[in-house]
Amino acid sequence: MGDTGIYKEYLAGLLAGVATVITGHPFDTVKVKLQKHNAEAHAIKYRNGLHCTTRILKTEGVKGLYRGATSSFIGMAFESSLLFGIYSQTKQSLQKRGVRSDVPMPQVIIPSAAYGGAIISFVLCPSELVKCRMQVQGTDSLVPKSSRYNSPLDCALQTVKNEGVAGIFRGGFTTLLRESFGNAVFFSVYEYVRYYMHLQLKASFSVHNNFIDMGVGIVSGGLGGVASWSAVLPLDVAKTIIQTAPDKSSTRNPFRVLNKIYRRTGLKGCYAGLGPTIVRAFPANAAAIVTWELAMKMLGIRHD
Numbered sequence: 000m001g002d003t004g005i006y007k008e009y010l011a012g013l014l015a016g017v018a019t020v021i022t023g024h025p026f027d028t029v030k031v032k033l034q035k036h037n038a039e040a041h042a043i044k045y046r047n048g049l050h051c052t053t054r055i056l057k058t059e060g061v062k063g064l065y066r067g068a069t070s071s072f073i074g075m076a077f078e079s080s081l082l083f084g085i086y087s088q089t090k091q092s093l094q095k096r097g098v099r100s101d102v103p104m105p106q107v108i109i110p111s112a113a114y115g116g117a118i119i120s121f122v123l124c125p126s127e128l129v130k131c132r133m134q135v136q137g138t139d140s141l142v143p144k145s146s147r148y149n150s151p152l153d154c155a156l157q158t159v160k161n162e163g164v165a166g167i168f169r170g171g172f173t174t175l176l177r178e179s180f181g182n183a184v185f186f187s188v189y190e191y192v193r194y195y196m197h198l199q200l201k202a203s204f205s206v207h208n209n210f211i212d213m214g215v216g217i218v219s220g221g222l223g224g225v226a227s228w229s230a231v232l233p234l235d236v237a238k239t240i241i242q243t244a245p246d247k248s249s250t251r252n253p254f255r256v257l258n259k260i261y262r263r264t265g266l267k268g269c270y271a272g273l274g275p276t277i278v279r280a281f282p283a284n285a286a287a288i289v290t291w292e293l294a295m296k297m298l299g300i301r302h303d
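This is the structure in structure tokens:
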């Protein structure tokens with residue numbers, strides 16, 4: 000594959016990222032609010048994801064659900080482009096060294112996905128920090144009006160001004176852990192479900208069509224997303240707390256943060272936002288995979 004092939008894979012990933020944000024951002028806003036409010040003391044408690052969504056729509060309208068989406072669109076498009084591009088490229092180079100096989104190989108999938116996840120965490124950390132800080136300052140927020148940010152850019156500039164460049168990378172280690180582990184789970188489940196579904200469908204259908212491919216993409220991408228988020232949600236809760244903590248000197252060790260949450264609210268606190276996260280994981284990741292596979296097909300890239 001030449002240089003154009005490489006650029007095409009990154010373009011396909013970029014389109015997958017845009018599809019993810021359109022589908023998943025409202026769920027993400029609800030998740031972040033639940034994590035911030037229900038894992039901390041003295042905050043307005045939301046009964047569940049539906050209660051939180053209703054509150055946002057009532058007080059802020061649909062706009063409230065897409066709060067912080069600007070940085071998310073930019074971050075997600077770039078990050079998704081990198082993730083899918085790096086994953087495809089690393090997978091290909093590892094397959095060239097080993098035996099090329101149509102059967103998914105964990106020794107190829109896991110390092111490719113974990114490496115892609117580690118790289119994108121450096122892009123994701125600042126963009127998610129801005130997104131989370133914007134999301135938690137809605138109507139029910141405890142953040143005083145005087146110290147609220149006017150826009151994502153204002154949030155980024157204020158953070159750098161008050162905390163230095165290191166401040167914008169607060170929660171970086173936690174993001175790296177979440178992305179490496181999470182993407183290894185996501186791509187493993189996606190590749191295996193896709194492989195076995197195609198195997199079953201080949202036996203049942205003589206004609207192979209785009210609807211079947213789309214159905215496989217929805218199921219494999221959706222299940223991959225659910226599995227991955229179920230595995231890394233506690234790390235995500237820790238990341239939200241670390242990134243939105245007003246005190247600059249508060250701990251950035253995710254395990255200490257989780258220990259503190261566990262002692263105060265039990266396992267439930269470590270899985271704050273589970274409902275909207277799982278509900279979001281299926282459609283958002285299904286949309287990403289269907290868009291990615293469709294883009295690759297249109298760009299003429301072979302997907303093994």
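According to numbering that gives the first Met the number 0, the residues represented by the sequence shown are 0 to 303, in order.
Ideal Cβ positions, reconstructed from N, Cα and C, are used throughout, including at glycine.
How would you label residue i, buried or exposed, when you count the other beta carbons within 10 angstroms and need 16 or more for buried?
i: His302; result: exposed
i: Asn284; result: buried
i: Ser249; result: exposed
i: Thr174; result: buried
i: Met297; result: exposed
i: Phe210; result: exposed
i: Lys57; result: exposed
i: Ser70; result: buried
i: Asp101; result: exposed
i: Gln106; result: exposed
i: Asp235; result: buried
i: Leu156; result: exposed
Could you give the residue range of the alpha helix (DSSP H) that holds residue i?
i: Gln157; result: Pro151 to Glu162
i: Lys44; result: Where Lys44 is concerned, there is no enclosing alpha helix (DSSP H), given that its DSSP letter is neither H nor E.
i: Pro105; result: Pro105 to Gln134
i: Phe172; result: Gly171 to Ser203
i: Gly48; result: Gly48 to Glu59
i: Phe210; result: Asn209 to Thr243
i: Ser71; result: Ala68 to Arg96
i: Gly274; result: Leu273 to Met297
i: Asn258; result: Pro253 to Cys269
Can you name, in chain order, every residue of its own chain whose Cβ lies under 7 Å from the Cβ of residue i, other than the five neighbours on each side?
i: Val113; result: The question names Val, yet the displayed sequence has Ala at residue 113. Excluding positions up to five away in sequence, the list reads Ser179, Asn182 and Ala183.
i: Gly159; result: In the sequence as displayed, the identity of residue 159 is Val instead of Gly. So the qualifying residues of the chain are Gly166 and Ile167.
i: Gln134; result: Thr28, Val31, Lys32, Arg66 and Gly67
i: Pro151; result: Gly67, Thr69, Ser70, Val129 and Met133
i: Tyr189; result: Ser219, Gly220, Gly223 and Ile288
i: Thr22; result: Pro282, Ala283 and Ala286
i: Cys154; result: Val129, Arg132, Met133 and Tyr148
i: Lys7; result: Leu298 and Ile300
Enumerate in chain order the residues of its own chain whose CB-to-CB distance from residue i is below 8 Å, with the five nearest sequence positions on each side excluded.
i: Leu81; result: Tyr9, Gly12, Gly115, Ile118, Ile119 and Val122
i: Ile241; result: Arg169, Gly170, Thr173, Ser249, Thr250, Arg251, Pro253 and Val256
i: Glu162; result: Arg169 and Lys247
Kindly list the residues whose CB is nearer than 6 Å to the CB of residue i, restricted to its own chain and excluding five residues on each side of it in sequence; keep chain order.
i: Gly1; result: With a pLDDT of 48 at Gly1, under the threshold of 50, the modelled position of this residue cannot be trusted, and the question is left open.
i: Gly272; result: Lys30, Leu33 and Gln34
i: Phe186; result: Ile108 and Ala112
i: Tyr270; result: Leu232
Counting only beta-carbon separations shorter than 8 Å, does residue i have a partner in chain C?
i: Ser111; result: Absence of chain C from the displayed structure is noted, only one protein chain being present.
(message) Check whether the segment 213-227 and the segment 259-271 touch, using three or more Cβ-Cβ pairs below 8 Å as the test.
(response) no
(request) Would you check if the segment 28-36 and the segment 284-300 touch, i.e. whether three or more CB-CB distances between them fall below 8 Å? (result) no
(message) Pairs of beta-carbons, one from the segment 44-62 and one from the segment 81-96, closer than 8 Å: are there three or more?
(response) no
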